[in-house]
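Chemist: Taken in order, the sequence shown gives residues 4 to 228; the numbers are from the numbering used here.
C-beta: ideal position from N, C-alpha, C; glycine also.
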Amino acid sequence: MKPSLLILHGAIGASRQLRAIAAQLSAQYEVHLFDFPGHGGKELPEAPFSIKLFAEAALEYIQVHHLQQLTIFGYSMGGYVAMYLAKYHPQQIARIITLGTKFHWDEVTAAREIKMLDTAAITAKVPDFAAILADMHAPNDWKEVLQRTADMLTEMGKDNPLKPDDYKDIKTASLIMLGDRDKMVTLEETIATYKALPDAKMAVLPGTPHPVDKVTPSLLAFFLS
4 MKPSLLILHG AIGASRQLRA IAAQLSAQYE VHLFDFPGHG GKELPEAPFS IKLFAEAALE
64 YIQVHHLQQL TIFGYSMGGY VAMYLAKYHP QQIARIITLG TKFHWDEVTA AREIKMLDTA
124 AITAKVPDFA AILADMHAPN DWKEVLQRTA DMLTEMGKDN PLKPDDYKDI KTASLIMLGD
184 RDKMVTLEET IATYKALPDA KMAVLPGTPH PVDKVTPSLL AFFLS
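(1) Would you kindly check if the distance between the Cβ of residue 115 and the Cβ of residue 176 is under 8 Å?
(2) Which residues in the same chain have their Cβ closer than 7 Å to the Cβ of residue 169, if we skip the five residues on either side of it in sequence?
(3) Looking at chain C, is there any beta carbon in it that lies within less than 8 Å of the beta carbon of residue 121?
(4) Go to residue 180, then tell me how far its alpha helix (DSSP H) extends in each direction, as first and last residue.
(5) As a quick exercise: from 196, 195, 180, pick the residue whose alpha carbon is nearest that of residue 206.
(6) At the level of alpha carbons, what is the spacing between residue 155 and residue 6?
(7) In angstroms with no decimal places, state the Cα-to-Cα distance between residue 8 and residue 74.
(8) Per DSSP, what are the beta-bridge partners of residue 205 in this structure?
(9) Could you check where the beta strand (DSSP E) with residue 34 kicks off and where it finishes?
(10) On the three-state DSSP scale, how would you describe residue 79?
(11) Expressed to the nearest angstrom, what Euclidean distance is found between the alpha-carbon atoms of residue 30 and residue 21?
(12) Is the beta carbon of residue 112 closer than 8 Å to that of residue 188?
(13) On the three-state DSSP scale, how would you describe residue 120?
(14) Look up residue 200 in the DSSP assignment and say whether it is helix, strand or coil.
(15) Among 94, 86, 92, 52, which has the Cα closest to the Cα of residue 106?
(16) Using CA atoms only, rank isn't needed, just tell me which of 122, 28, 70, 60 is closest to residue 2.
(17) Short of 6 Å in beta carbon distance, which residues of its chain neighbour residue 42, apart from the five on each side in sequence? Order them along the chain.
(18) Measuring alpha carbon to alpha carbon, tell me which residue in 142, 149, 143 is nearest residue 126.
(19) Under three-state DSSP, which class holds residue 18?
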């Protein structure tokens with residue numbers, strides 16, 4: 004029986020963005036692609052978006068599908084959710100792998116990220132991206148997905164769900180990865196998290212920016228093997 008791999012997408016994204024990566028790993032793992040509530044066409048939840056809400060949804064999926072020998076690969080926000088799960092539900096997870104995850108949040112960081120979620124600016128300046136978001140999240144309104152995400156980031160800026168001291172308690176084997184051309188996540192915060200984790204390795208992916216569609220699937224698969 005193959006070990007399980009659960010793939011978690013990033014903020015304002017969807018699991019379909021990671022299908023090429025999933026295909027590269029299907030020979031080694033029983034691969035599961037997962038959409039967070041309100042993403043990829045999943046029903047918008049009554050509760051606000053939050054890391055806790057997303058983690059609980061992922062945990063329910065893990066339990067319902069009886070995922071065994073589980074590795075979770077989280078891209079960007081998905082990596083943060085994976086770490087949150089490892090903090091509060093370590094018995095469910097054998098290994099965590101993250102890529103391009105922003106671990107440090109404060110009000111200044113949140114404000115900077117929220118600027119990139121301006122729906123009016125996206126519609127006016129990058130209409131192709133707006134169309135992609137509309138298609139990705141249909142039948143939900145992509146603008147509501149972005150607004151709820153902005154609200155979540157505001158709250159994370161006020162009170163980071165995972166504090167720096169939390170990482171020393173996460174004993175799950177972890178691989179923390181960052182693209183060498185990532186302009187959204189700093190090397191400093193990645194190294195700090197890597198050093199705080201008791202059982203972690205770190206990798207820097209060459210020629211790799213932050214957007215998941217710019218990640219080379221075969222390169223990522225090499226590290227996930």
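Modeler: So, from the listed chains and residues:
(1) no
(2) Shown here for residue 169: same chain residues with a beta carbon closer than 7 Å to its own, the five before and five after excluded, namely 90 in chain order.
(3) The structure shown contains no chain C; it holds only a single protein chain.
(4) Element bounds for residue 180: not the alpha helix (DSSP H) but the beta strand (DSSP E), 176–182.
(5) 180
(6) 33 Å
(7) 5 Å
(8) 179
(9) That run of the beta strand (DSSP E) goes 33–37.
(10) coil
(11) Roughly 16 Å separates the two Cα atoms.
(12) no
(13) coil
(14) coil
(15) 86
(16) The shown model of the chain, from 4 to 228, leaves out residue 2, and the question about it has no answer.
(17) 17
(18) 149
(19) helix
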